[in-house]
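Participant:
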Amino acid sequence: MERHDGGRNPQEFEMQGLRWDLIPQVFAPVHTDSTQLFTQWLPFPVGGSFLEVGCGAGVTAVMAALAGCSRVTAVDINPEAVRNTELNAVRHGVTDRMNVLHSDLYDALAPGEQFDVVFWNSNVICAPEEFVYTRPMQHAIFDRGYATHHRYLREGLARLTDSGRLFLGFNSLGDPGRLNSLAARCGVRLTERERTTRRAGDVPVTFQLLEAVGVRDERRSA
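Residue numbers (our numbering): 69 to 290.
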């Protein structure tokens, strides 16, 4: 937590062969491989629409726009992350096709607004129910009782176009048992699309790109 939140983070960093702005109080992609991996793995819908929940510094959302998505929406509960994403959208010349919003998950979206791909690099650490958020950055790391994961899955399918896909970036620091239980309650099955293990400091961490598939939709197509 402190390495993401502290004052030792660079003001600029390199990722995906590009330079990016990073401002204080925003999740720093330089300390973990998650952003790099998920951005490489995601199937950006060229000519279509992409929503990133929890956009942080904006790398994935901006790369979606650069990859050819015609409409990109990026949301974050941390107002500093919203500002950071806006800075990087300007830096890379994609403001004409990006909309950046301060939002708790889907709250700031228009009613019924849908996307071809929805993605969240989630806050995998399951915090106890009594945990109190004292800094906006903590929302990027901790999820109290996995309530945000539950809501992401519960409401996510309704935000998809007819052929849309819902993705979750997860890793082995989280609680997969609890996540799968929540998914079942939401009527979805989580399918692993990509996986690799890297070191985060001295700890090996397995990163997974999961896709949430509606059980009813799956049965209809069987």
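Beta carbons are placed, not taken as given, at the ideal position from N, Cα and C, and that holds for glycine.
What is the DSSP secondary structure of residue 106, reduced to helix, strand or coil?
Facilitator: helix
Participant: Looking at residue 162 and residue 185, is the spacing between their C-beta atoms short of 7 angstroms?
Facilitator: Cβ atoms of residue 185 and residue 162: not closer than 7 angstroms.
Participant: Where DSSP assigns a beta bridge to residue 291, which residues make up the other side?
Facilitator: Nothing can be reported for residue 291: it is not among the residues displayed for the chain, which extend from 69 to 290.
Participant: Could you tell me the distance, in whole angstroms, from the CA atom of residue 101 to the CA atom of residue 181?
Facilitator: 31 angstroms
Participant: With DSSP run on the structure shown, which of helix, strand or coil describes residue 241?
Facilitator: Assignment of residue 241 by DSSP, reduced to helix, strand and coil, places it in the coil class.
Participant: Can you tell me whether residue 113 is buried or exposed, with buried defined as 16 or more other CB within 10 angstroms of its CB?
Facilitator: buried
Participant: Within this structure, are the beta carbons of residue 152 and residue 209 separated by less than 7 angstroms?
Facilitator: no
Participant: Would you tell me roughly how many angstroms separate the C-alpha atoms of residue 192 and residue 140, rounded to the nearest one?
Facilitator: 24 angstroms
Participant: Buried or exposed: where does residue 94 fall if 16 or more other Cβ atoms within 10 Å of its Cβ makes it buried?
Facilitator: buried
Participant: Does the distance from the C-beta atom of residue 232 to that of residue 256 stay below 7 angstroms?
Facilitator: no
Participant: Among 109, 110, 86, 82, whose alpha-carbon lies nearest the alpha-carbon of residue 99?
Facilitator: 82
Participant: To which residues of the same chain is residue 265 closer than 6 angstroms at the C-beta, ignoring the five residues directly before and after it?
Facilitator: 272, 274
Participant: For residue 242, I'd like the list of residues in its chain whose CB is within less than 8 angstroms of its CB, leaving aside the five on either flank, ordered along the chain.
Facilitator: 190, 192, 193, 194
Participant: Can you find the residues in the same chain that come closer than 7 angstroms, C-beta to C-beta, to residue 126, ignoring five residues on each side of it along the sequence?
Facilitator: 142, 152, 153, 156, 157
Participant: If we require 4 or more residues per run, which alpha helix (DSSP H) segments fall completely within the stretch 84-161?
Facilitator: 102-109, 127-134, 147-159
Participant: Judging by CA-CA distance, which residue of 234, 240, 246 is the nearest neighbour of residue 214?
Facilitator: 246
Participant: Between residue 135 and residue 149, what straight-line distance do the alpha-carbon atoms span, to the nearest angstrom?
Facilitator: Looking at the two C-alpha atoms, the distance is approximately 21 angstroms.
Participant: Closest to residue 146 by C-alpha separation, out of 203, 250, 236, would be which residue?
Facilitator: For the residues 203, 250, 236, the minimum Cα distance to residue 146 belongs to 203.
Participant: Where does residue 85 land, buried or exposed, given buried means 16+ other C-beta within 10 angstroms?
Facilitator: Exposed, because fewer than 16 other Cβ atoms sit within 10 Å of the Cβ of residue 85.
Participant: Could you say which of 106, 132, 236 lies nearest to residue 117 if we only look at CA atoms?
Facilitator: 132
Participant: Would you kindly report the start and end of the unbroken alpha helix (DSSP H) that includes residue 267?
Facilitator: No alpha helix (DSSP H) holds residue 267; the beta strand (DSSP E) holding it covers 256-268.
Participant: Should residue 128 and residue 120 be called a contact, given that it needs their Cβ atoms to be closer than 7 angstroms?
Facilitator: yes
Participant: List the whole-angstrom C-beta distance separating residue 251 from residue 280, where the pair is believed to meet the contact cut-off of C-beta under 8 angstroms.
Facilitator: 7 angstroms
Participant: For residue 228, collect the residues of the same chain with a Cβ closer than 7 angstroms to its Cβ; drop the 5 residues on either side in sequence, then sort them by chain order.
Facilitator: 182, 183, 186, 234
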